[in-house]
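Working notes for the structure below.
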Amino acid sequence: MSVTIRFCGAARTVTGSCHLFETPAGRLLVDCGLFQGPKTLKELNYGKFPFDPSGIDAVLLTHAHIDHSGLIPKLTSSGFRGPIWATHGTIDLCSFMLPDAGSIQESEVMTLNRRNAARGRALVTPIYTQRDAIAALDAFRTVDYETWVQVMPGVRARYWNAGHLLGSASIEIEFAGEGASGKPLRVLASGDLGPDAKLLQPDPEAPAGLDYVICESTYGDEDRPPVTRESRRGHLAAEVCAAHAAGGALLIPAFAVERTQELLVDLVDLMSRGDIPAVPIFLDSPLAIRATEVFRQHAESQEANIDVARLLGSPHLHCTETVEESKAIAKLTGFHIIIAASGMCDAGRIRHHLKRWLWHSKATVLLVGFQAQGTLGRFIADGVKAVRIQGEEIKVAARIRRIDDYSGHADGPELARWIAARRPIARGVFLVHGEERGLAGLSERIAERTVPAAKVFMPLLDDLYELTTAAPTPLDTSQRRRLRPEAVVNLDWHNDMSKLILDIDASIEAAADDRARGVIIRRLRRALEGEA
Ligand SMILES: [Zn+2]
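Converting from the sequence shown to the numbering used here requires adding 20 to each position, the first position being numbered 1.
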């Protein structure tokens, strides 16, 4: 018999999570996420799946984040007819996050096509539409935590709280008779794991005694100082007070779901204690507004000693749902707080606010989450002097600040401890969902200390392994690779290109006079012709 796994996403990257399990009984996906970040990766969203969607029997979804769920509407619109198993919380979040993702695809493609038409290029169609996303919701089936569900003949699964997001799960999968001496083959996919002291979620849980563990590595290289509720609020209060002293707006690019609600709970609490000035907090994201409503409804499933419902109902909080309301905020001057998606600044209303404030030295941008390679948030975090937003060059003069206390992800030591608690792990640990540094950091923490180094694997995108052998056996994938391995790992040329254009602009502007500018332009021209 045979059980194989193909890493169809989140291999050497943090987005596009998708593992394909194939057995004689059928095919199973764990997650079906959207690729985000560099254009080379995002283009994969438009291409064909590396499998036939109509041949997939079921999807097991770890959580609602778009990099785990965002290609589900494309899967269903390309012929997938099976069930999508998810927890109650995940389904409630997906019921608006996926339609929202669909309308983002539609509007992004509309803008792109206006440009394509003007340049005489071929028009593109959206990855999927809002309608596809609404249709996909019919396939969702509820699964309770810690309860076995039969997903295919001979294959069952059990969900464990991953403490990362409302409804998030690590998924245990058993393939009957495929393990050592006729026992079941036991696999655990971590999904995304939360940190130990997360504000609204319990600590992660999972079983021990497995054949394989597939673990995320987002912050595998980081060792954060221990975070308590008090220290986290203290840091936030200090940042808000400093931003207030600077006198301009405080922009917080935030992931619409969970991170935003955690920030709101702390901001409102700090205001009501008088620790920070009581000013309007604009929640400028229709998605975050919906998510906040779901959090209020699920208030009882979250941490008992926080009155989530009361805090999220605060009069300091202004939800700006419509475009007109959103535009009205842009007229404000002086100190106020704007929380808008997306967290990595690569889409959403935050881009308008960045355009309005980024060049202003009195403004503050507070980054509160992971910034993937190639995103606008990463450029800002890395301290570039100028950025391009919707084709326009914007100088960066605002104060750029960062707090990592609100991370939804476990850090390196927490990930290593989570893996250690799963032992014995008979056959292997696959490290996924990380950039090179995170993967290397986590691998260093666990190799030999937790499991033998020979049992730690870091698959590339589209790698295929046989799992029924005593150790995972790599199978030939040369025919089926969608990207060259180095293309996944390195920042692609699109980013190098934007940086180059910004640098050219800057040096021409900085030149002493028009004659000096002419010299630079002629030299560049000669270099180009030399290349040709
Ligand atoms: Zn996540």
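The C-beta atom is built at its ideal place from N, Cα and C for all residues, glycine as well.
If you're wondering where the values come from, they're calculated on a predicted model, not measured in any experiment.
Are the segment 153-169 and the segment 115-123 touching, with three or more C-beta to C-beta distances below 8 Å?
yes
Can histidine 555 be considered in contact with ligand 1, in the sense that its beta carbon sits closer than 6 Å to one or more heavy atoms?
Limits of the chain in this structure are 21 at one end and 552 at the other, which puts residue 555 out of reach.
Could you check if glycine 240 is buried or exposed, using at least 16 other CB atoms within 10 Å of its CB as the buried criterion?
buried
Between alanine 440 and the rest of its own chain, which residues show a CB-CB distance below 7 Å, the 5 nearest in sequence each way excluded?
Thr470
So what does DSSP say about arginine 32, is it helix, strand or coil?
In this structure, arginine 32 counts as coil in the three-state DSSP scheme.
Can you tell me whether DSSP reads threonine 110 as helix, strand or coil?
Three-state result, threonine 110: helix.
Would the beta-carbon of aspartate 212 be found less than 6 Å away from any heavy atom of ligand 1?
Indeed, a heavy atom of ligand 1 lies less than 6 Å from the Cβ.
Let me confirm a value: glycine 140 is counted as buried when at least 16 other C-beta atoms fall within 10 Å, else exposed. Which label applies?
Answer is exposed; the Cβ neighbour count stays below 16.
Which partner residues of lysine 475 appear in the DSSP bridge assignment?
Per DSSP, none; premise fails for lysine 475.
Rounded to whole angstroms, what is the Cα-Cα separation between valine 385 and aspartate 534?
Note on geometry: alpha-carbon atoms of valine 385 and aspartate 534 lie some 35 Å from one another.
Serine 558 and alanine 182: beta carbons closer than 7 Å?
The first residue shown for the chain is 21 and the last is 552, placing residue 558 beyond what the model contains.
Option in Phe100, Lys59, Leu548, Asp51 with minimal Cα separation from histidine 83:
Asp51
Do serine 74 and glycine 53 have their C-beta atoms within less than 7 Å of each other?
For serine 74 and glycine 53, no; Cβs fall outside 7 Å.
Within 10 angstroms of its Cβ, does serine 381 collect 16 or more other Cβ (buried), or is it exposed?
It is exposed - the Cβ of serine 381 has fewer than 16 other Cβ atoms within 10 Å.
Can you check whether the CB of proline 494 is closer than 7 Å to the CB of phenylalanine 27?
no
Taking the continuous alpha helix (DSSP H) assigned at cysteine 52, which residues delimit it?
Cysteine 52 -> no alpha helix (DSSP H), and no H or E assigned at all.
Under the assumption that arginine 15 contacts alanine 392 (Cβ atoms under 8 Å), give the Cβ distance between them as a whole number of angstroms.
Only positions 21 to 552 of the chain appear in the structure, and residue 15 is not among them; the question remains open.
Selection from Glu278, Ala228, Asp295 that minimises the alpha carbon distance to glutamate 259
Asp295
Between the alpha carbons of aspartate 289 and phenylalanine 399, how many angstroms are there, rounded?
32 Å
Please report the Cβ distance between isoleucine 147 and tyrosine 66, rounded to the nearest whole angstrom; I am assuming they are in contact, meaning their Cβ atoms lie under 8 Å.
6 Å
Would you decide whether glutamine 170 is buried or exposed? Buried here means 16 or more other CB atoms lie within 10 Å of its CB.
exposed
Kindly indicate which three-state DSSP category proline 273 falls into: helix, strand or coil?
strand
For glutamate 313, which option in Gln281, Ser292, Phe302, Ile326 has the closest C-alpha, if you only look at C-alpha atoms?
Gln281
Can you give me the start and stop residues for the alpha helix (DSSP H) that tryptophan 377 sits inside?
Segment 370-377, the alpha helix (DSSP H) holding tryptophan 377.
Going by DSSP, what residue range makes up the beta strand (DSSP E) through leucine 503?
Careful: leucine 503 lies outside any beta strand (DSSP E) and carries neither H nor E.
Can you grab the Cα-Cα spacing for the pair alanine 452 / alanine 446, in whole Å?
Going by the sequence as given, residue 452 is valine instead of alanine. Answer to the nearest angstrom: the Cα atoms are 18 Å apart.
Is it a yes or a no for the segment 252-268 touching the segment 334-346, going by three-plus beta-carbon pairs under 8 Å?
No, they do not touch.
From Arg465, Thr149, Gly538, pick the residue whose C-alpha is nearest to that of leucine 91; which is it?
Thr149
Separation of glycine 411 from alanine 138, as counted between CA atoms:
Alanine 138 and glycine 411 have their C-alpha atoms roughly 15 Å apart.
Which residue or residues does DSSP assign as beta-bridge partners of tryptophan 180?
Ser190
If you draw a straight line from the C-alpha of glutamate 456 to the C-alpha of threonine 60, how long is it?
17 Å
Keeping to the same chain, check which residues put their C-beta closer than 8 Å to that of tryptophan 377; ignore five residues upstream and five downstream.
Gly268, Ala269, Leu271, Ala383, Val385, Ala418
Given a cut-off of 7 Å, decide if proline 227 and glutamate 192 are closer than it, judged by their beta-carbon atoms.
yes
How is the beta strand (DSSP E) around valine 171 delimited, first residue to last?
Per DSSP, valine 171 belongs to the beta strand (DSSP E) from 169-172.
By the DSSP assignment, the beta strand (DSSP E) with valine 207 in it spans what residues?
First-last of the beta strand (DSSP E) with valine 207: 205-209.
Are the beta-carbon atoms belonging to glutamate 278 and leucine 387 less than 7 Å from one another?
no
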